[in-house]
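Using my numbering, the first residue of the sequence shown is number 3, and each one after it goes up by one.
Heads up, the beta-carbon is just placed ideally off N, CA and C, and yes, glycines get one too.
Small disclaimer: the values here were computed from a predicted structure and weren't measured.
Reviewing the structure listed below.
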Amino acid sequence: MSQTEPLDQDPVFQLKGSMLAITVLELARNDLENLDRQLAAKVAQAPNFFSNAPLVLALDKLPASEGSVDLPGLMRICRQHGLRTLAIRASRIEDIAAAIAVDLPVLPPSGARERPLDPLEGVVAKKPEKPPEPTIKPTKIITSPVRGGQQIYAQGSDLVVISSVSPGAELLADGNIHVYGAMRGRVLAGVKGDTKARIFCQQMTAELVSIAGHYKVSEDLRRDPLWGAGVQVSLSGDVLNIIRL
């Protein structure tokens, strides 16, 4: 006996039953143009549902008056929308003959009850995400004089100094800065790039003013006719504008 003979006795396949989910497309009218348009609308609602979905074309409900179906054209429309035709279900002789011509299995008319299939069934509609509310921090208010060497930073907010600011002191804010006393130190508004930030001083004698990284030092400020006056500083392009309050 050959050594390969025992191997020839081993089964190479098994026949098994299975309950597979197969979509049935039941044609009510022989109108491929409208079918293409309506099927495209369905696929747009749930594209993942139709992607490479196995399909049985049910032609057994077509009235005899509808005429012969262009079966290759019908299969082509289904394939364009992601549906793969496995078989047809038919009772008319012309439909069965068309299936045989393209080597497509023919199933007998079904007596089973079939419910309409909604591709969106079970899909939870995603609520539009609400944009996060902007985080607004309260204005930082300083009531005592700011001494030389002292640094005050208002993170995420405006800064208000009721008293005076000494030389060598530094004020920083992500927003606007208001100084109601003499401003003799350094004042930097919009430090994180807010170009709309502004500086308000009752008496501008600052060592430096800056908005969003654009600055002027005391040498430039002393030449301004508003030196020592109450001013508002804003940014226009790359230029700091100083105007009277």
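Rounded to whole angstroms, how far is the Cβ of residue i from the Cβ of residue j, which I believe are closer than 8 Å?
i	j	result
A66	R31	Their Cβ separation, rounded to whole angstroms, is 13 Å, which puts A66 and R31 out of contact at 8 Å.
G187	G170	6 Å
T207	G183	In fact, because the Cβ distance is near 11 Å, the residues do not count as touching under 8 Å.
V58	I102	Actually they do not touch by this definition, with Cβ atoms about 16 Å apart.
Q234	L247	6 Å
T25	A55	5 Å
G232	Q205	7 Å
S220	L190	In fact, because the Cβ distance is near 14 Å, the residues do not count as touching under 8 Å.
L64	L29	6 Å
Rank the options by C-alpha distance to the C-alpha of residue i and give the top, closest one.
i	options	result
D97	I164, S146 and P111	P111
S168	P147, V241 and A214	P147
D2	D240, A48, K44 and L27	Nothing about residue 2 can be reported from this structure: the residues present for the chain run from 3 to 247 only.
A156	V163, L174, R149 and S212	L174
C203	D222, D196 and S236	S236
T145	V163, V108 and K139	V163
I201	I179, Q16 and V193	I179
On the DSSP bridge assignment, give the partners of residue i in chain order.
i	result
Y217	S212
G90	This sequence places Ile at residue 90; Gly is not what is there. Bridge partners of I90: L59 and V108.
H180	V162 and F202
A43	In DSSP, A43 forms no bridge with anything.
S238	V241
Q153	E172
M77	Partner(s): none; M77 has no beta bridge.
E2	Residue coverage of the chain in this structure runs from 3 to 247, which leaves residue 2 outside it and unanswerable.
V189	L173 and V211
K142	L161
R246	V233
Rounded to the nearest angstrom, what separates residue i and residue j at their Cα positions?
i	j	result
I1	K142	Nothing can be reported for residue 1, as the shown portion of the chain is limited to 3 through 247.
L210	G158	21 Å
G150	K198	28 Å
G84	G69	26 Å
Q152	E172	6 Å
G195	G177	9 Å
L228	D222	11 Å
P49	D12	44 Å
A46	V181	60 Å
S166	R225	22 Å
V104	G75	12 Å
F51	C80	13 Å
V285	R39	Because the chain spans 3 through 247 in this model, residue 285 falls outside it and cannot be assessed.
E35	V14	46 Å
A100	L109	13 Å
Y217	M185	15 Å
K44	R78	17 Å
D160	L41	58 Å
L106	A60	13 Å
Q16	A92	29 Å
D33	S53	23 Å
G124	K139	Unreliable placement is indicated for G124, whose pLDDT of 49 sits below 50; the coordinate value is still reported in the next sentence. Approximately 43 Å, taken between the alpha carbons.
G192	I154	14 Å
L37	Q82	12 Å
Does chain C have any CB closer than 8 Å to the CB of residue i?
i	result
H83	Absent from the structure: chain C. Only one protein chain is present.
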